[in-house]
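Each residue of the sequence shown is one higher than the one before, counting from 1 in the UniProt record's numbering.
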Amino acid sequence: MANLDSLTPKQIVAELDKYIIGQKDAKKNVAIALRNRWRRMNAPEEMQKEITPNNILMIGSTGVGKTEIARRLAKLADAPFTKVEASKFTEVGYVGRDVESMVRDLVESSIHLVQISKKEEVKDKALEFVEEIIVEALVPSMSKTGKKKKQDKIGFENEVPQSDEELNQRTRELFREKLRKGELENRKIDIAIKAPNTPNIGVMGGPIDEMSMMNISEMIGGMLPKREKKRKMTIAEARKILLEEESAKLIDMDEVKEEAIRKAENLGIIFIDEIDKIASSRSGGGGPDVSREGVQRDMLPIVEGSSVNTKHGVINTDHILFIAAGAFHVSKPSDLIPELQGRFPIRVELQSLKEEDFYRILKEPKSALTKQYVSLLQSEGVELTFDDEALAEIARIAFAVNSEVENIGARRLQTVMSHLLNDIMFDIPDVILPNEKIVITKALVTERLGGMVKNRDLSQYIL
């Protein structure tokens, strides 16, 4: 993960190319949008407030890489990211989620990112405390029995407590050494851990919004006494839980919240998927279109820039980057209300995937599906390899099925690969033993997947 200031638009595209095939136009536009973040923050201070991000509207069918581009972009910039489905939102009064919840989700994502980075800073110190707690659980120190106080008064005249304490200290150091070498990982110990204190609250009567609900839960949780419970677990498990607890004690949550809100405001990316589902076709008349247009109007102030209350503080949405996406099979981008259209000035059309794209998707990306299956079988000690001709045939079949049934883009490859490899996955390790080699050839692909195109979608005949 690189710093934003060291990523040029070309480098951003090169990074995205490692995971996503094709879609040059979309990559180019998101790379410019990301670099503009850095440019704005380094512009004269009086201009920073005036420069607003150019929000992007991606148009393309499912499975062509819309979500993946936005997600990888956020990961690349170490930016808070949240993905929402536009169809989940409804106007106030209808059943559904409040539109402002997408901003609250972004703040939660930002809090999580900042916490991870702060915990990393205090990790060494936290590990020292964790080691001390584990050693104490293995060999309690004698100072807890009160003998140390006695020795302080007597000095070194009384040899018995001194030697006991020395023996205790040596035993502790011996266990500490074993602990550091990883020799005690499976040994079980009793540790006291904090029990969650947030009560489950239900409200009878009138409607209550999500924000008020969170505040009530937190307030009542804060009033209840902190509970601890003893649990028996292995040292390896205890270390993870204790490290989390000790790291949390060492970081200042107020500082985390302030930094998280600042990060969400300046670097946050909200991905609104299925925006075409709330676009009302003008020819459709009334009915549910009223509700759809209402959702767009609810969304408008957030995209335009407004202040939203969250449980961590007020966040301004002026400089959040919004990336909306939709297939727009039934409706058109021009069916969105004009005000919302104006807030997505950059429109990018993503291309449908061709047969050669499928072949490249199987071969080139860092996390290609073929590489995932190779890693899965490696864990069983089985070596899996794919012939080049086999990959070309898988790509051809996936493309053919997409053309004849429903075009679900690159997701079709998961169906095809699963169909191809399911029997092999089932036979490991009972029939196919460790250290065996499996080669996927074109003949094997044709034999196992030949019927897929002929049978088309058999599920439509199953009641």
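Built from N, CA and C at the ideal position, the CB exists for glycine as well.
Span of the alpha helix (DSSP H), counted from its first residue to its last, around residue i
i	result
residue 17	9-17
residue 439	Not the alpha helix (DSSP H): residue 439 falls in the beta strand (DSSP E), residues 437-440.
residue 29	24-41
residue 130	123-138
residue 422	411-427
residue 73	66-77
residue 47	45-48
Residue i versus residue j: straight-line alpha-carbon distance, rounded
i	j	result
residue 475	residue 59	Limits of the chain in this structure are 1 at one end and 463 at the other, which puts residue 475 out of reach.
residue 424	residue 66	32 Å
residue 451	residue 399	14 Å
residue 37	residue 249	33 Å
residue 353	residue 359	10 Å
residue 63	residue 274	13 Å
residue 193	residue 310	29 Å
residue 251	residue 258	13 Å
residue 183	residue 176	10 Å
residue 419	residue 61	24 Å
residue 426	residue 325	38 Å
residue 11	residue 264	23 Å
residue 293	residue 267	29 Å
residue 402	residue 116	41 Å
residue 121	residue 134	22 Å
residue 23	residue 357	10 Å
residue 6	residue 253	29 Å
residue 164	residue 244	34 Å
residue 174	residue 384	46 Å
residue 142	residue 136	10 Å
residue 377	residue 440	13 Å
residue 77	residue 332	31 Å
residue 41	residue 140	53 Å
residue 72	residue 372	18 Å
Start and end residues, beta strand (DSSP E) containing residue i
i	result
residue 193	188-194
residue 85	81-85
residue 310	307-310
residue 466	Since the first residue shown for the chain is 1 and the last is 463, residue 466 is missing from the structure and cannot be characterised.
residue 232	228-234
residue 273	269-273
residue 58	56-59
residue 323	321-326
Reduced DSSP secondary structure (H/G/I, E/B, other) of residue i
i	result
residue 361	helix
residue 377	helix
residue 342	helix
residue 99	coil
residue 247	helix
residue 147	Residue placement at residue 147 is poorly supported in this model, since its pLDDT is 46, which falls under 50; the coordinates still yield a value, given next. Looking at residue 147 - three-state DSSP - the assignment turns out to be helix.
residue 168	helix
residue 444	helix
residue 368	coil
residue 278	helix
residue 449	helix
residue 432	coil
residue 183	coil
residue 313	strand
residue 89	strand
residue 173	helix
residue 406	coil
residue 348	strand
residue 241	helix
residue 353	coil
residue 53	coil
Cutoff 6 Å; reference residue i; Cβ partners in own chain excluding five residues on either side
i	result
residue 365	19
residue 322	55, 270 and 303
residue 9	31, 32 and 35
residue 234	186 and 188
residue 305	317 and 318
residue 374	384
residue 230	190 and 192
Contacts around residue i, its chain only, beta-carbon distance under 8 Å, and the 5 residues preceding and following it disregarded
i	result
residue 307	314, 315, 316 and 317
residue 99	89, 295, 298, 299 and 302
residue 407	61, 62, 63 and 352
residue 411	62 and 63
residue 380	428, 429 and 434
residue 334	341
residue 17	27
Cβ neighbours of residue i in the same chain (closer than 7 Å, five flanking residues each side left out)
i	result
residue 382	428, 432, 434, 436 and 438
residue 362	368, 369, 370, 391, 394, 395 and 413
residue 296	278, 336, 337 and 340
residue 74	81 and 269
residue 26	58, 69, 348 and 350
residue 449	397, 416, 419 and 420
Q: Decide if the stretch 119-129 is in contact with the stretch 101-108; the criterion is three or more beta carbon pairs, one per stretch, under 8 Å apart.
A: no
Q) Are three or more beta carbon pairs between the stretch 108-122 and the stretch 71-86 nearer than 8 Å? A) yes
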